[in-house]
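K.L.:
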Ligand SMILES: CC(C)(COP(=O)(O)OP(=O)(O)OC[C@H]1O[C@@H](n2cnc3c(N)ncnc32)[C@H](O)[C@@H]1OP(=O)(O)O)[C@@H](O)C(=O)NCCC(=O)NCCS
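Right, dumping it as structure tokens:
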């Protein structure tokens with residue numbers, strides 16, 4: 079089964095060794111990580127890449143590295159993961175995204191998300207795909223809405239402590255043929 083998804087402007091693909099350096103820098107950017115509890119160290123990013131690669135080996139899909147077709151630059155990821163925490167909607171397939179700041183505001187995230195969702199339904203055979211983020215992450219919520227996901231409700235993220243500003247999350251979902 080192909081692990082490459084092509085869109086008009088992007089190639090979504092498994093990770094190359096050359097993706098590590100730009101991804102390390104992306105994860106050290108406080109603005110990119112402002113809706114996460116912290117930025118990531120080099121070691122944390124390298125471990126994350128190992129986990130992503132293992133996920134592709136185990137399942138045949140995962141968080142795809144995004145490469146721009148015009149300049150072949152690595153700009154972040156979009157794709158699928160299995161949330162590791164317990165909740166009323168887990169286990170499930172989650173779609174997520176993280177792009178470098180200089181690639182925001184060009185529609186790349188939504189273009190990649192839509193293509194992933196189509197691939198998830200048509201090729202991977204998913205029945206439903208969830209997405210969630212802190213209620214204050216409006217750019218990510220906008221990608222969810224533009225990609226056809228619909229609001230299910232809110233939940234308190236179990237990993238974050240009581241009172242943490244990112245604790246309350248919105249949950250969105252899209253069903254096949256919805
Ligand atoms: C969430 C995130 C990926 C959104 O990126 P983004 O670039 O704002 O999202 P989009 O791809 O939808 O592009 C948005 C804008 O591009 C503009 N745009 C420019 N050219 C465009 C084109 N050719 N096609 C479509 N939109 C275009 C649009 O006006 C759109 O803005 P609007 O929705 O206000 O109209 C980005 O903010 C990010 O990486 N954040 C940090 C990580 C993060 O929080 N991830 C989510 C955790 S759950």
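Residue numbers (our numbering): 79 to 256. In this text, a Cβ means the ideal position worked out from N, Cα and C, and glycines have one as well.
On a CA-only basis, which of 130, 107 and 248 is nearest residue 46? Give me that one, please.
P.N.:
Summary: the structure shown does not reach residue 46, with the chain confined to residues 79 through 256, and so no result is reported for it.
K.L.:
Taking the beta strand (DSSP E) that residue 142 belongs to, which residues open and close that run?
P.N.:
Working through the chain shown from its first residue, we reach residue 142 at position 64. Here the beta strand (DSSP E) through residue 142 covers 141-146.
K.L.:
Touching or not, the segment 93-109 and the segment 126-136, by the rule of three or more beta carbon pairs under 8 Å?
P.N.:
Touching, per the Cβ criterion.
K.L.:
Short of 6 Å in beta carbon distance, which residues of its chain neighbour residue 171, apart from the five on each side in sequence? Order them along the chain.
P.N.:
What you label residue 171 is simply residue 93 of the chain shown in a count that begins at 1. Hits under 6 Å: 158, 204 and 207.
K.L.:
Using the beta-carbon count (16 or more within 10 Å), is residue 222 buried or exposed?
P.N.:
One-based indexing of the chain shown puts residue 222 at position 144. Flag for residue 222 reads buried.
K.L.:
Return yes when at least one heavy atom of ligand 2 lies under 7 Å from the C-beta of residue 251, else no.
P.N.:
Of the ligands this structure carries, namely ligand 1, none is ligand 2.
K.L.:
Alpha carbon to alpha carbon, what distance is there between residue 197 and residue 83?
P.N.:
Translated into the one-based positions of the chain shown, residue 83 becomes position 5. Translated into the one-based positions of the chain shown, residue 197 becomes position 119. Their backbone Cα atoms lie some 8 Å apart in a straight line.
K.L.:
With hydrogens ignored, establish whether the beta-carbon of residue 93 is closer than 7 Å to any heavy atom of ligand 1.
P.N.:
Along the chain shown, read from residue 1 onward, the residue named residue 93 stands at position 15. Result no, Cβ not under 7 Å from ligand 1.
K.L.:
Check residue 203 in the structure and name its three-state DSSP category.
P.N.:
Within the chain shown, the letter at position 125 stands for residue 203. Note: residue 203 maps to coil in three-state DSSP.
K.L.:
How is residue 247 classed by DSSP in three states: helix, strand or coil?
P.N.:
Translated into positions along the chain shown, residue 247 becomes position 169. Of the three classes helix, strand and coil, the one that applies to residue 247 here is strand, per DSSP.
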